[in-house]
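Visitor:
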Amino acid sequence: MRLERFEFSQIRMGVDTPIIVYAPSESQAIEACRAAYSRISQLEQQMSDYRLDSELNAVCKEAVGRWRRVSRELFYVLWRAHRLAQQTDGAFDPTVGALVRLWREARRTERLPDPQTLQAARARAGYRLMELCPRRRAVRLRAEGVQLDLGGIAKGYACDHALRVLRRYGLTRALIQMGGDIVTGDPPPDAPAWRIALAEGGETTLVRGALSTSGSTEQFVEIGGVRYAHIIDPRTGLGLTQLILARARARDGITADSLATAAAVLGAAGIPRLQRHYKGVQIEVREG
Ligand code: ADP
Ligand code: MG
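For the sequence shown, position 209 (counting from the first letter as 1) is numbered 1516 according to our numbering, and the numbering increases by one without interruption.
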């Protein structure tokens, strides 16, 4: 069967989300991609911290210490995020939301938070403030004002699910990108692999796997000659100030996305530790 290449692009989770698929006809490509985008929208409604009515924010609004049952998808992502937080001593931390909000405010006002405000937000972050109960598929928070944030892991997970949807429609030769996260299925019909252009120049290839890039070079605010990136260093409560680009290659998007963010915080020195926990994942970090 002759397959043609189709490319779509929409915005999801605040980023450009192109999908490339090979399909026997345009109508099949459109139908499958529509379903894939709507699956991503559904996940966004579950995991977004921007959307006031997301399932994630409902957990944050629950009374301190009260268990709240959540969807399978949200539970799984929270569980993966919490496990990575334990493995990295909190370098990756899904409870940094209060600090992320301060960073967004600093970006708007071009001023750093005052020490008391920063201190108060730091008290509302820390992965030990989030408890998970797999048996009940429930979450509870142990302090007032904890804001969960899955910005470092949810896009990779959403790409994984979009790929699954396309596969269900019979389209296995596909690539999905959400910002710095890319997930691919089978390669194009006439090629052994997908060719991926890299931000710093050059290219790489990818087949049935995920590649995520994270770092301080794209999103930052400059204050007093210092650049604070949108990734929080939980040790200071502020955005990363070192220049760093981290890349992770893994079998799935949730792993690549979260490990790239973790590696951006930990730096090159953290690679062996991440690789001990995640065999077969390739991590590369450029500093300075
Ligand atoms: P991007 O969102 O640009 O693709 P990342 O995957 O690295 O990049 O995720 C960065 C996002 O992760 C931030 O915007 C924020 O929502 C969240 N975040 C910030 N700091 C941390 C951290 N230390 N651990 C986990 N998530 C973080
Ligand atoms: Mg990430």
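Every residue, glycine too, gets a C-beta built ideally from N, C-alpha and C.
Just so you know, these numbers come straight off a predicted model, no measurement behind them.
Any heavy atom of the ligand MG closer than 7 Å to the CB of GLY1459?
Guide: yes
Visitor: Any idea if PRO1325 is buried or exposed, counting beta-carbon neighbours within 10 angstroms, 16 or more meaning buried?
Guide: Exposed, since its Cβ has fewer than 16 Cβ neighbours within 10 Å.
Visitor: Looking at C-alpha atoms only, which residue of LEU1425, VAL1328, LEU1547 is the closest neighbour of LEU1409?
Guide: LEU1425
Visitor: Would you report the Cα separation of SER1519 and PRO1441, rounded to the nearest angstrom?
Guide: 28 Å
Visitor: What are the boundary residues of the alpha helix (DSSP H) that includes SER1361?
Guide: Careful: SER1361 lies outside any alpha helix (DSSP H) and carries neither H nor E.
Visitor: Give the single residue among ARG1346, GLU1311, GLN1317 whose Cα lies nearest to the Cα of ALA1330.
Guide: GLU1311
Visitor: Assuming TYR1383 is part of the alpha helix (DSSP H), what are its boundary residues?
Guide: Annotation for TYR1383: the continuous alpha helix (DSSP H) segment containing it runs 1379 to 1394.
Visitor: So what does DSSP say about GLN1549, is it helix, strand or coil?
Guide: coil
Visitor: Do you know offhand how far LYS1586's Cα is from ALA1365's?
Guide: 35 Å
Visitor: In three-state terms, what does DSSP make of LEU1505?
Guide: coil
Visitor: Quick check: is any heavy atom of the ligand ADP less than 7 Å from the C-beta of SER1523?
Guide: The answer is no for SER1523.
Visitor: Between ASP1356 and THR1402, what straight-line distance do the alpha-carbon atoms span, to the nearest angstrom?
Guide: 11 Å
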